[in-house]
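Working notes for the structure below.
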Amino acid sequence: MHVEAQHADAQHTGTGKKGDVDALKASIRNERELGDIEKAELLTQDLQRIVDHSQTPELQADLATITAENEISRTRYSHAIELLKSAELMYSRLSNDFALAHVYTMLGYAYYSMSEYPLSLDYYHRA
């Protein structure tokens with residue numbers, strides 16, 4: 097399925113069924129990995145609409161993490177760190193250790209990219 101079709105489909109999900117949301121998150125990550133950050137950000141806007149409608153804490157944390165990953169792709173490390181720290185709080189409250197480990201890894205990467213090696217190492221150890 098092309099990204100444009102996924103974008104149109106995501107706009108019609110409304111309630112954000114789990115399978116649809118998971119597919120959308122996978123598409124965002126895939127586009128980012130392919131180097132098309134614009135498409136990833138466009139799809140992230142679709143996820144934002146679903147999150148706004150659902151108000152689910154886990155989805156809010158997922159959105160913060162995905163948006164932070166987009167920001168890291170654009171070398172906007174300070175904003176990414178803010179987003180990741182908010183996701184860290186949400187995932188901690190939800191006791192989602194797997195997601196926390198991912199957030200800590202991303203924080204480690206962001207701090208490493210900013211040459212903040214002690215902080216980077218601290219987050220890598222937490223992961």
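This note's numbering applies: residue 97 is where the sequence shown begins, and numbers increase by one. C-beta atoms are modelled at their ideal positions from N, C-alpha and C, and glycine is treated no differently.
Measuring CB to CB, does Leu-179 end up less than 7 Å from Ala-164?
Locating residue 179 in the sequence shown gives position 83, where the first residue counts as 1. Locating residue 164 in the sequence shown gives position 68, where the first residue counts as 1. Cβ atoms of Leu-179 and Ala-164: closer than 7 Å.
What number of angstroms, rounded off, separates the C-alpha of Ser-216 from the C-alpha of His-198?
As a working note, residue 216 is residue 120 in the sequence shown. As a working note, residue 198 is residue 102 in the sequence shown. Approximately 13 Å, taken between the alpha carbons.
Helix or strand or just coil, what does DSSP make of Thr-109?
Position 13 of the sequence shown holds residue 109. The predicted model places Thr-109 with a pLDDT of 43, which falls under 50 and marks its position as unreliable, so this point remains unresolved.
Applying the 10 Å Cβ sphere with the 16-neighbour rule, what's the burial state of Gly-115?
Your numbering for residue 115 matches position 19 in the sequence shown. Classification for Gly-115: exposed.
Can you have a look at Ala-122 and say buried or exposed, based on whether 16 or more other CB atoms are within 10 angstroms of its CB?
In the sequence shown, counting from the first residue as 1, residue 122 sits at position 26. Counting of Cβ neighbours within 10 angstroms places Ala-122 among the exposed residues, the total staying below 16.
Please classify Glu-189 as buried or exposed, where buried requires at least 16 neighbouring CB atoms within 10 angstroms.
In the sequence shown, residue 189 corresponds to position 93, counting from 1. It is worth fixing the name first, because residue 189 is Arg in this sequence and not Glu. Classification for Arg-189: exposed.
Identify the continuous alpha helix (DSSP H) that holds Gln-141 and give its terminal residues.
For the purposes of this step, residue 141 is identified with residue 45 of the sequence shown, where counting begins at 1. The continuous alpha helix (DSSP H) containing Gln-141 extends over residues 133–150.
Other residues of its chain near Lys-181: CB distance less than 8 Å, five sequence neighbours each side excluded:
Locating residue 181 in the sequence shown gives position 85, counting from the first residue. Here the set comprises Leu-203.
Own chain residues within Cβ distance below 6 Å of Arg-128, not counting five before or after
Reading the sequence shown from its first residue, position 32 is the one you call residue 128. Excluding positions up to five away in sequence, the list reads Ala-136, Ser-169.
Per-residue DSSP class, three states only, for Ala-223:
What you label residue 223 is simply residue 127 of the sequence shown in a count that begins at 1. Coil.
Ser-191 by DSSP, collapsed to three states: which one?
Within the sequence shown, residue 191 is the residue found at index 95, counting from 1. Of the three classes helix, strand and coil, the one that applies to Ser-191 here is coil, per DSSP.
Report buried or exposed for Asp-148, applying the criterion of at least 16 other Cβ atoms within 10 angstroms of its Cβ.
Here residue 148 corresponds to residue number 52 of the sequence shown, with the count starting at 1. By the neighbour-count criterion, in which 16 or more other beta carbons inside 10 Å mark a residue as buried, Asp-148 falls on the exposed side.
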